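580 is the number that the numbering used here gives the last residue of the sequence shown; the numbers go up by one with no jumps.
Encoded as structure tokens, the structure appears first; notes follow it.
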Amino acid sequence: MASATTLVMVVAAVACLCAPAAAGDGNADATRQPPVVSGLSFDFYRKSCPKAKSVVRKFVRDAVRKDIGLAAGLLRLHFHDCFVQGCDASVLLDGSATGPGERQAPPNLTLRPSAFKAVNDIRDSLEKACGATVVSCSDILALAARDSVVASGGPEYKVPLGRRDSAEFASQQDVLSGLPPPTAAVPALLDALAKIKLDATDLVALSGGHTVGLAHCSSFEGRLFPRRDPAMNATFAGRLRRTCPAAGTDRRTPNDVRTPNVFDNMYYVNLVNREGLFTSDQDLFADAATKPIVEKFAADEKAFFDQFAVSMVKMGQISVLTGSQGQVRRNCSARNPGTVAAGDLPWSVLEVADSFVF
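Dropping the structure here:
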């Protein structure tokens, strides 16, 4: 789950987890749950669409069985949405006359097309189950990310619901500043996360998402060429060069070579063995602020699972829209008909007239 100019934040875990609830919501220890933002709740759709969580859970479970890579794709989509402008599904919006959407920004160019399609397919399934457009696209992202973690072996956790969707996407510059590159070191990552009220423990826990998914050679080739990064295990570097024999190679390799399709704590074991792919991965084991947390998660998978659940709930509530804010999109790729986003307002009456010429 990562690639060239991608961010360093993601999710991980495997093994024994909390037993899933019948409706597809977790039994995570309530005492450890971070506060729920005003306007969100765990039973938000209890009356308007009681089957919402089970519909998403079934779709993701069945889809991941057919394509295990989709789990990492949906997880990454949720991350890239929340870290830029908050968890408002703006990453799903197509571009407009005002400019390209977030999806066209460099860090998002390698987001899986199948993940975008899956979100709209889930939207269609929910329309049938609910009888109306009730569940927001941002809530679909949050649920699909959680269910992808569970489907690949990771921890169950409860997802607060009630988010609304933005009618506007962020600028290309905002995407770049919100998603640090894989070449970033821990101090830069901590600075970026501090702006959205996440800390060092959240950084390490969320980075564990690199236990699933694939990485493009271009995202770590600077650690191989012209010479090996001394922080990288020499044997590991030799194996990577078989897939990425030269700078500019357009190939991919698993983020986690030990258990590439399982959501577990092997990502941290890799870091301890100096087998992290990105600078932003391996530096977690080098920096004094994060090394003890890496060591703890490498030795104790349950500790990682528990913290991952907490950090995901925190991340999933970043700058959410609730109540009458935003909208509930009928098509997750486009704002609702008749919606005029701030950036789309004509600057003069003449511009209004010109828009109707053809």
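Where is the CB? At the ideal position from N, CA and C, for every residue including glycine.
Predicted model, so just to flag it, every value in this text is computed and none were measured.
Per DSSP, reduced to three states, the secondary structure at residue 407 is coil, with no helix or strand assignment.
According to DSSP, residue pairing for residue 476 in a beta bridge involves 436. Between residue 353 and residue 286, the alpha-carbon positions lie close to 26 angstroms from each other.
Residue range 335-352 is occupied by the alpha helix (DSSP H) that includes residue 342.
In this structure, the alpha-carbon of residue 421 lies about 29 angstroms from that of residue 439.
For residue 457, the enclosing alpha helix (DSSP H) covers residues 456-465. Residue state for residue 449 is assigned as coil, using DSSP reduced to three classes. The beta-bridge partner set that DSSP reports for residue 321 consists of 318.
Looking from the CA of residue 548, the closest CA among 268, 407, 390 and 284 belongs to 390. Setting aside the 5 residues that flank it on each side, residue 509 is surrounded in the same chain by 408, each with a C-beta closer than 6 angstroms to its C-beta; the list follows chain order. In the structure shown, residue 394 adopts helical secondary structure according to DSSP, grouped into three states.
In this structure, residue 544 and residue 385 form a Cβ contact; the two beta carbons are roughly 7 angstroms apart against a cut-off of 8 angstroms. If you check the CB distance, residue 392 and residue 307 come in under 7 angstroms. In the DSSP assignment, residue 330 is bridged to no other residue. Residue pairing for residue 386: DSSP places it in a beta bridge opposite 543.
By the Cβ rule, the stretch 338-351 does not count as touching the stretch 454-465, because fewer than three pairs are nearer than 8 angstroms.
By the CB criterion at 7 angstroms, residue 516 and residue 499 fall outside the cutoff.
If the five residues before and after residue 473 are omitted, its C-beta is found closer than 8 angstroms to the C-beta atoms of 438, 439, 465 and 466, all from its own chain and listed in chain order. Assignment of residue 487 by DSSP, reduced to helix, strand and coil, places it in the coil class.
Using a Cβ distance threshold of 7 angstroms, residue 377 and residue 527 count as a contacting pair. Burial state of residue 272 is exposed, judged by a 10 Å Cβ sphere holding fewer than 16 other Cβ atoms.
Your pair residue 426 and residue 506 checks out as a contact, with CB atoms roughly 6 angstroms apart and the cut at 8 angstroms. Between residue 387 and residue 551, the C-beta gap is smaller than 7 angstroms, which places the two residues in contact. Sixteen is the threshold: since fewer than 16 other Cβ atoms of the shown chains lie within 10 Å of the Cβ of residue 317, the residue is exposed. Between residue 282 and residue 373, the CB-CB gap stays under 7 angstroms.
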